[in-house]
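**Q** Numbering (my numbering), first residue to last: 1 to 281.
Pasting a structure here, questions to come.
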C-alpha cells in the first residue's frame, strides 16, 4: 500500500482560479473561453511521504497551431511548454521564497486537451515532479480536482490516482484588538483634534505617489532607450510578477484595516464638524 499523499492549500487553488479567469474570461460577451493551461505546483516537503503545495506558477504553452489565443484548440492540438519562460518564472519565484521546490503539475480541463507532451517535457526538464492534478474549474461548490502519483521508471511514466488533502487556511480577524488600536489612535471626544493632521497625511501620501510615478517614468524611459542591464531588467521582471499575483487573505485583511481606518477618520471629521457647529451657536 502506498502511503504517499499531497497537501494542497486553498490559496494555491485560488491562484489557479485567478489566472484561469484572467486567461479565459471574455468580457465582451460575458462568457468563458476554452484555452489549455498548465501550472507548476511548488511547496515545501512536509515529511518523507507527503508534500505541502503552497504556490502555483503558470507555464506558458506553445502549439503546432501558433500562439495560444489566435485559434481554437482541441485534443488534436500538439501542446508543449515554453521551457525558457518556465525556467525564468521559477527563478523569479525562488527570489521571493528560495526554499520553494517544484513538486507537481496541474492541468486545466484535461478532458478537452492533450497534455501528454507537456507532462513528459516538464518531467524530463525538472526531474522532480511527483504529483499530477487534473482540475476542472466550476461555479458549483464542489471542487472537481483529482490527484495522481507520478512514477518514472526509465523512459516510462506511470500514473496512479491517489489521496490528497485540500487545506483551508484558518485566519482569525482580531476585531476587538483592531477596535482598541483604532480607539487609541482616534479619540472622538478630543475637541483639540484637527483636520490639519489628516490633511498633512494626505499631502505626504501624494508626495510619495508622485515620487513613485517619477521612478516608474524613469524605468520606462530606460527600457525605451534600449537599456539592457540584466540586474535592472531582472528586478523589473520580479516587480511585474509581484503585481500579477492574485489577492491573498493577508492582503484582503490589510485592505479591510485600511478601509476601517478611513471610516474612523470620516467619523472623527463629522463629529468635529458637529462639535464646531455647536460651539459656534
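Just so it is clear, CB atoms sit at the ideal spot from N, CA and C, and this is done for glycine as well.
1. Please state whether DSSP places residue 193 in a helix, a strand or coil.
2. When you compare the CB positions of residue 132 and residue 104, do they come within less than 8 Å of one another, or not?
3. Among the residues of its own chain, which have a CB less than 7 Å from the CB of residue 17, if the five just before and after it don't count?
4. Is the beta carbon of residue 96 less than 8 Å from the beta carbon of residue 53?
5. If you draw a straight line from the C-alpha of residue 236 to the C-alpha of residue 41, how long is it?
6. Please say whether residue 114 and residue 79 have beta carbons closer to each other than 8 Å?
7. Is it buried or exposed, residue 22, if we count other Cβ atoms within 10 angstroms and call 16 or more buried?
8. According to DSSP, is residue 230 helix, strand or coil?
9. Just to confirm, is the Cβ distance from residue 121 to residue 60 under 8 Å?
10. Just to confirm, is the Cβ distance from residue 34 to residue 109 under 8 Å?
11. Could you work out which residue in 10, 225, 102, 209 is closest to residue 130 when comparing CA atoms only?
12. Whose CA, out of 127, 152, 166, lies closest to the CA of residue 135?
13. Rounded to whole angstroms, what's the CA-CA distance from residue 223 to residue 92? Just pull it up for me.
14. Considering residue 148, what are the terminal residues of the alpha helix (DSSP H) in which it resides?
15. Which one or two residues does DSSP pair with residue 38 in a beta bridge?
16. Taking a contact to mean a Cβ-Cβ separation below 8 Å, would you say residue 5 touches residue 148 in this structure?
17. Taking the straight line between their C-alpha atoms, what separation do you get for residue 64 and residue 118?
18. What does the alpha-carbon distance come out to for the pair residue 15 and residue 152?
**A** Based on what the coordinates show:
1. Confidence at residue 193 is low in this model, with a pLDDT of 48, below 50, so its placement is unreliable and the value that follows should be read with caution. When DSSP states are grouped into helix, strand and coil, residue 193 belongs to the coil group.
2. Between residue 132 and residue 104, the C-beta gap is smaller than 8 Å, which places the two residues in contact.
3. Once the five neighbours on either side are set aside, the close Cβ partners of residue 17 are 137.
4. Taking a C-beta distance under 8 Å as the contact criterion, residue 96 and residue 53 do not qualify as a contact pair.
5. When the Cα atoms are used, residue 236 and residue 41 turn out to be separated by approximately 24 Å.
6. Cβ distance < 8 Å, so residue 79 and residue 114 count as in contact.
7. Label assigned to residue 22: exposed.
8. Helix, per DSSP.
9. For the 8 Å CB-CB criterion, residue 121 and residue 60 do not form a contact.
10. Contact flag set, yes.
11. Checking every option, the nearest Cα to that of residue 130 belongs to 102.
12. Relative to residue 135, the option among 127, 152, 166 whose CA is nearest is 166.
13. Cα to Cα, residue 223 sits roughly 19 Å from residue 92.
14. No alpha helix (DSSP H) contains residue 148, which is instead part of the beta strand (DSSP E) from 144-153.
15. Answer by DSSP bridge pairing, in chain order: 59, 107.
16. Cβ atoms of residue 5 and residue 148: not closer than 8 Å.
17. Each residue's alpha carbon lies about 13 Å from the other.
18. Going by the C-alpha atoms only, they are around 28 Å apart.
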